[in-house]
Amino acid sequence: YWDDRLTEDEADKICGVYKVATGQYERGIPQTTDLSWWPKPSIWSGSGLNVGYWSEDCEKWYQNHLQKCISGTAELRDPGHWR
């Protein structure tokens, strides 16, 4: 169906994305960066874990990161820190 894809806004909500001010301006417009609890689809697609299916390594990474989130030790990351 034509609507079987997530919108960027929907994906951002699932990944726990926050738009955060960088303190920089471009032509007078405040700049933001995205910080998230989980990597955005575009980051995941470019990662070494994206092998076309959910592998054992993917599951290990997911469970490890999930435990960090549950224990309160996970940190919000910008796109560069997800790579």
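Our numbering puts the first residue of the sequence shown at 1300, with every later residue one more than the last.
Think of the CB as a built atom: it goes at the ideal place given N, C-alpha and C, for glycine as much as any other residue.
All figures in this text were calculated on a predicted structure; none of them were measured in a lab.
Inter-residue spacing [alpha-carbon to alpha-carbon] between residue i and residue j
i	j	result
Tyr1361	Pro1329	34 Å
Arg1376	Lys1312	15 Å
Thr1305	Ala1320	A quick correction: the sequence has Leu, not Thr, at residue 1305. Computed Cα separation, rounded: 25 Å.
CB of residue i within 9 Å of CB of residue j, strictly
i	j	result
Asp1308	Lys1318	no
Lys1339	Trp1301	no
Leu1348	Cys1357	yes
Whole-angstrom C-beta distance between residue j and residue i, which should lie under 8 Å
i	j	result
Gly1315	Ser1335	5 Å
Where residue i falls, given that 16 or more other Cβ within 10 Å makes a residue buried
i	result
Trp1353	exposed
Which residues DSSP lists as bridging residue i, in chain order
i	result
Leu1334	Tyr1317
Arg1376	Ser1335
Ile1369	In the DSSP output, where bridge partners are listed per residue, Ile1369 has none listed.
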